[in-house]
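Residue numbers (our numbering): 5 to 261.
No residue lacks a Cβ here, since even glycine has one placed at the ideal position from N, Cα and C.
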Amino acid sequence: MPLVSVVMPVHNSAVTLGSSVRSVLAQTHTDVELLITDDASTDDSMDLLQELARQDERVLPQAAPEQGGAAKARNLALARARGEYVAFLDSDDMWLPAKLERQIAFAAEGDAPLTFTSYYKVDGDYTGEACDFTPNGRVVEARERVTYRDMLVQDHIGALTAMYDRAALGTRLMPDMPKRQDYALWLAIMRNGNPARGMKEPLAIYRAGRAGSLSSNKLALVEHNWRLYRQHERLSVPRSALALYGAAWHSLRKSRI
5 MPLVSVVMPV HNSAVTLGSS VRSVLAQTHT DVELLITDDA STDDSMDLLQ
55 ELARQDERVL PQAAPEQGGA AKARNLALAR ARGEYVAFLD SDDMWLPAKL
105 ERQIAFAAEG DAPLTFTSYY KVDGDYTGEA CDFTPNGRVV EARERVTYRD
155 MLVQDHIGAL TAMYDRAALG TRLMPDMPKR QDYALWLAIM RNGNPARGMK
205 EPLAIYRAGR AGSLSSNKLA LVEHNWRLYR QHERLSVPRS ALALYGAAWH
255 SLRKSRI
């Protein structure tokens, strides 16, 4: 059984997919399975995935029966997970080579079933490989400890760095939402008192400002955040408004990095 199940949704990501997959396969911790769901891509993504799977048996692609969005694609992958830990990476982001090794050791030292790390931001047209990356000083820093109340004010966890302990929590699926499904999952994990712990060391690379990215339109996220607070977390209107203000401020601060 692999120690870590890595979940990756794919939709028309042929340009960046190869470097993302290679960043997982090049991890110094090699005991992984890479569970990829192709969400009805119309480019060469699935052909590339099949070739990568032929080259490395840890790459396990699956075609979604129909296009269903990122949450459904991730959940199809999660349904196949066998690892003690579940980690997330999108098909246009990358991990630095020691990411899993450092984070697994960090998770084993603490009492939090959800961990995350700092990460670097690069421009959306960055074409380099993770193994050749030179630190650029553009870092989104992780807080050392985050509670449910902290998370209601702002989402402190970069999805490309998140990892949860499946042995402690079981398989936790993402709510079927068009956006913010990762944020909703972290809140669901933490709602019953489970904190999240963050590593200060940046161990991942986020491509910012990508055309078509789920998070590229910051104003569009306001409506989705509101629905998350009111419908998923069932917060009052005043509490939802406070949380929305915090999320908007946090998003603006990150966009300046």
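Residue pairing of T121 in beta bridges, as defined by DSSP: M203. For the set L38, V28, G72, M50, the Cα lying nearest the Cα of K183 is the one of G72. Looking at D60, L189, I209, the one whose alpha-carbon comes closest to that of E133 is I209. For T46, same chain residues with a beta-carbon under 7 angstroms away, outside a window of 5 residues either side, are N16 in chain order.
In the structure shown, M178 adopts coil according to DSSP, grouped into three states.
With contacts defined by Cβ atoms closer than 8 angstroms, A81 and L39 form a contacting pair. In the three-state reduction of the DSSP assignment, E37 falls in the strand class, which pools E and B. Around the beta-carbon of Q235, fewer than 16 other beta-carbon atoms lie within 10 Å, marking it exposed. A distance of 8 angstroms or more separates the beta carbons of L104 and A83.
Put simply, of L118, Q185, V150, A146 the residue whose alpha carbon is nearest the alpha carbon of A171 is L118.
Beta-bridge partners assigned by DSSP to Q66: T41. Secondary structure of Y187 (DSSP, three-state): helix. Taking the Cα of A212 as reference, the smallest distance to any Cα among R231, H33, Y130 is reached at Y130. At a Cβ-Cβ threshold of 8 angstroms, L7 and E113 do not count as neighbours.
Rounded to whole angstroms, the gap between the alpha carbons of G197 and T175 is 18 angstroms. Note on geometry: alpha-carbon atoms of T151 and L173 lie some 17 angstroms from one another. When rounded, the separation of the alpha-carbon atoms in P13 and V63 is 13 angstroms. Here DSSP, grouped into helix, strand and coil, assigns Y130 to coil.
Counting every other CB atom within 10 Å of its CB across the protein chains shown gives V28 a total of 16 or more, marking it as buried.
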